[in-house]
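Take a look at the structure below.
Protein chains: 2
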Amino acid sequence: MNAKGPRIQEVAVEAGVSTATVSRTLSNPDLVSEKTREAVLAAVEKTGYRINRAAQNLRKRQAGAILVLLPNLGNPFFSQILSGIESVFATSDLSVLIADTNGIKQDQLTGYFRDTRADGVILLDGGIPRAVLNELAQTTPDNRIVFACEWKPGTDLPSVRSDNRGGAQQAIAHLVQLGHSKIGHIAGPRNNVLTKERLAGFEAAMRNQGLEIVPRWVVDGGDFSLDAGAQAARQFIEMDERPTAVFCGSDLIAMGFISEMHKRGISVPNDFSVVGFDDIEIADRFIPSLTTIRQNRTQLGVLAATTLLGQLSGRAVAAQDNVQLVDVLLIKRGSTAAI
Amino acid sequence: MNAKGPRIQEVAVEAGVSTATVSRTLSNPDLVSEKTREAVLAAVEKTGYRINRAAQNLRKRQAGAILVLLPNLGNPFFSQILSGIESVFATSDLSVLIADTNGIKQDQLTGYFRDTRADGVILLDGGIPRAVLNELAQTTPDNRIVFACEWKPGTDLPSVRSDNRGGAQQAIAHLVQLGHSKIGHIAGPRNNVLTKERLAGFEAAMRNQGLEIVPRWVVDGGDFSLDAGAQAARQFIEMDERPTAVFCGSDLIAMGFISEMHKRGISVPNDFSVVGFDDIEIADRFIPSLTTIRQNRTQLGVLAATTLLGQLSGRAVAAQDNVQLVDVLLIKRGSTAAI
DNA sequence: TTGTAAGCGTTATCAA
DNA sequence: TTGATAACGCTTACAA
């Protein structure tokens, strides 16, 4: 900012007190007598005083901001989590910084901390290199890093996540209930932690139901995209024997799959039952509407933000709260049918 | 930040120069002899020095950040513009702050400036109250506000926008080419500036083509959502005489419309041709795939960011560049067909 | 080309 | 409960 308004000194003069008292009134009103407090507040009002954040941050040795690191800002899935995060910090006086890990270089990334640009970080990217994470952790002694949605196995940083395994199991249970026993899975990106959890949930559920896991029917999506689903559909089409149902690692995969099948004249749910994961907005209006596992993205964001806010105010995360699991919900729609 | 690294003084000692020289080396390398520059850089490397942004900002009387105000962070449309913005600032040393105007109160909003939290603003929300905008403009003498995507009529702030009228005209021309003459329009939210432009484009195109604008066929969507489209579909179904094609104010409206029509046994494109606006990711995989007007959202963000960055470095926006129009593109797909 | 030193606008310590 | 005052870590005249 260029246009500079009144400074604390002017307020002090106006109120007939010292700058220290003005400062106290604004940050620790209890330390000040009611009379002075009123006088100061009136002077603030009259002068239109606004605190200078840079000065405050310098003096308090803080950044006054938290950083949200996303793997892909253009992905609506992440931006909805971001929305939840933002809603929490909107009422604090911390600013929310964002950065996309997509194009970012390693040293830039850790620079965010060493630069004193952020007092804490919310990581939406479980794929962050361990070296970077280590450096982040080093420069933030009190563990001011929280994972949301994704996380990094082998680290003990607090994280907020959906019940991915449970979701997969609900999906399979639903398909079994509809009479399916030949069930496939289209996974997400191979090294993604969500992919692994959902796959593990799928396998556990299949075993529990006494169903055979056919390796050819468990295909690698490569990523969570529409194209991944379309690609998988082509693989299934070429098989001699196909499953009657597939559980997909994401809604986009599911929609890409259905869309490609449709092009080839194969109908969902008549020829194939399909379950997605996420419940993105369009799922309800897709043709057919998509049966899926709903993740509460806003809540993921809100919880992560609340956790970080707690840490910043000195509250340590209790050991049993280190992993906060958010329930998911099976939403039955038109893409699944009895066999 | 708590963990405090080396300060500029330590680097100076290490390099055997004054703090002023270190500062100069880092921000104005040209003012320093090559020999000293190398010594300083080596000292920076050795000590692991990182600048303290708060101190720098205080001294330079700046915020070191720009603010992006979005009407709805959860909306993928906006977050993709945000992605473009972020990519530009990632290489500057300005941070990108975000705030959602959705829940924000007026005084909080202007507070972002008076607080010296941001050196400039990119506004994605044309619906911002004029009072707020005025106050923003007052506290930012050099017009460090840029509109992206939406804008506020009657203000002369720089803006970057898609060619909404042109897009509407392309849509109508396409439908006419397919033999349609009974064409309706499902508009977006009534007071939205994009809605008005697209409606104006629709009307102009219809007149140019010598076609009648049937008032009943121009319906108010209320917003840009799927539900708005579904709601409009119900209205059309009840009509005695219907158009053979509709141009929609957004892809979501178009998909909601198609989805609802499908439920009622009315087929797109056989019974209805539908054109959307935006070309969101799913448009290509929707069933039927959606003919639409593609907006380059990333470019909108990039241009807005570049414009603001220019203003922050003192370059005024040339009068003829005050409105930067980004071309849109008709994407022909499966939701439109010859009559 | 480099160094000295005076702030930038707060907050926190200490004393009153 | 309040006030003086010394930092916080950097940049930038001005001087050398």
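So the sequence lines, in the order shown, correspond to chains A and B. Quick note on numbering: the numbering used here labels position 303 of the first sequence as 303, and the sequence is numbered without any gaps. Quick note on numbering: the numbering used here labels position 312 of the second sequence as 1312, and the sequence is numbered without any gaps. Cβ coordinates follow ideal geometry from the N, Cα and C atoms, glycine included.
Indicate whether residue i and residue j have their beta-carbon atoms separated by less than 8 Å.
i          : j          : result
ALA99(A)   : ALA1090(B) : yes
ALA1230(B) : GLY1256(B) : yes
ILE293(A)  : ASP279(A)  : yes
GLY1190(B) : ASP1227(B) : According to the sequence provided, residue 1190(B) is Arg. The question's Gly does not apply to it. Their beta carbons are not under 8 Å apart, which means ARG1190(B) does not touch ASP1227(B) by this criterion.
LEU1309(B) : VAL1088(B) : yes
SER335(A)  : SER273(A)  : yes
GLY84(A)   : GLN299(A)  : yes
ASN1322(B) : ASP1156(B) : yes
PHE1179(B) : ALA1338(B) : Residue identity check: residue 1179(B) is Gly in the sequence provided, not Phe. Cβ distance < 8 Å, so GLY1179(B) and ALA1338(B) count as in contact.
VAL1146(B) : LEU1069(B) : no
THR36(A)   : THR21(A)   : yes
GLN1324(B) : ARG1144(B) : no
GLN366(A)  : ALA205(A)  : With chain A running from 1 to 339 in the structure shown, residue 366(A) is simply not present.
ARG207(A)  : ASN164(A)  : no
LEU1041(B) : ALA54(A)   : no
VAL275(A)  : ALA200(A)  : no
SER79(A)   : PRO1076(B) : yes
Terminal residues of the continuous alpha helix (DSSP H) containing residue i?
i          : result
ALA1254(B) : 1251-1263
ARG117(A)  : From DSSP, ARG117(A) is part of no alpha helix (DSSP H); its letter is neither H nor E.
SER1018(B) : Counting along the chain, SER1018(B) falls outside any alpha helix (DSSP H), and DSSP gives it neither H nor E.
LEU300(A)  : 297-312
PHE202(A)  : 193-208
GLN62(A)   : First-last for GLN62(A): undefined, no H or E at that position.
ASP163(A)  : Segment: none, ASP163(A) is in no alpha helix (DSSP H) and carries neither H nor E.
Which chain A residues sit within Cβ distance under 7 Å of residue i?
i          : result
ASN1057(B) : ALA54
SER1259(B) : ARG285 and ILE287
What are the start and end residues of the beta strand (DSSP E) that includes residue i?
i          : result
SER1083(B) : Here SER1083(B) belongs to no beta strand (DSSP E); instead the alpha helix (DSSP H) covers 1076-1089.
LEU329(A)  : 329-331
PHE1247(B) : 1245-1248
ALA187(A)  : 183-187
THR1336(B) : Segment: none, THR1336(B) is in no beta strand (DSSP E) and carries neither H nor E.
LEU1070(B) : 1065-1070
THR1292(B) : 1292-1294
Does the CB of residue i have a neighbour CB from chain B at under 8 Å?
i         : result
HIS174(A) : no
LEU82(A)  : yes
ASP163(A) : no
GLY74(A)  : yes
MET206(A) : no
VAL88(A)  : no
SER79(A)  : yes
GLU135(A) : no
MET255(A) : yes
HIS262(A) : yes
Does the beta carbon of residue i sit closer than 8 Å to a beta carbon anywhere in chain A?
i          : result
LYS1046(B) : no
ALA1099(B) : yes
VAL1096(B) : yes
GLU1038(B) : no
GLU1281(B) : yes
Cα-Cα, which of the options is closest to residue i?
i          : options                                           : result
ARG7(A)    : PHE1286(B), THR1025(B), GLY1126(B) and ARG1114(B) : ARG1114(B)
ALA305(A)  : LEU82(A), ARG50(A) and GLN62(A)                   : LEU82(A)
ASN97(A)   : PRO71(A), GLY64(A), GLY301(A) and GLY74(A)        : In the sequence under discussion, the amino acid at residue 97(A) is Leu, which differs from the Asn named in the question. The shortest Cα separation from LEU97(A) among PRO71(A), GLY64(A), GLY301(A) and GLY74(A) belongs to GLY64(A).
ASN52(A)   : PHE78(A), GLY5(A) and ALA12(A)                    : GLY5(A)
ALA1015(B) : PRO1029(B), LEU1026(B), SER1033(B) and GLU1038(B) : GLU1038(B)
LYS1263(B) : VAL275(A), THR244(A), PRO288(A) and GLU281(A)     : PRO288(A)
LEU1067(B) : GLY1074(B), ARG1059(B), ASN1075(B) and GLU1086(B) : GLU1086(B)
LYS152(A)  : ASN164(A), LEU124(A), GLN177(A) and ARG144(A)     : LEU124(A)
HIS1174(B) : PRO1215(B), PRO1158(B), ALA1319(B) and ALA1245(B) : ALA1245(B)
PHE1247(B) : ALA1187(B), VAL1302(B) and PRO1269(B)             : ALA1187(B)
GLY265(A)  : ASN296(A), PRO243(A), VAL275(A) and ALA233(A)     : ALA233(A)
GLY1184(B) : ALA1254(B), ARG1024(B) and SER1018(B)             : ALA1254(B)
PRO243(A)  : GLU260(A), GLY222(A), SER225(A) and ASP271(A)     : ASP271(A)
GLY301(A)  : VAL268(A), GLU150(A) and MET239(A)                : GLU150(A)
Kindly list, in the order they appear in chain A, the residues whose Cβ is closer than 9 Å to that of residue i.
i          : result
ILE1145(B) : Neighbours of ILE1145(B) on chain A: none; closest Cβ ~13 Å, over 9 Å.
SER1023(B) : The contacting residues do not exist; SER1023(B) stays about 15 Å from chain A at best.
LEU1226(B) : GLU281, ILE282, ASP284 and ARG285
Under 7 Å between beta-carbons, which chain B residues line up against residue i? List them in chain order, please.
i       : result
LYS4(A) : ARG1061
Which chain B residues are close to residue i, counting only those with a beta carbon under 9 Å from its beta carbon?
i         : result
LEU309(A) : The contacting residues do not exist; LEU309(A) stays about 16 Å from chain B at best.
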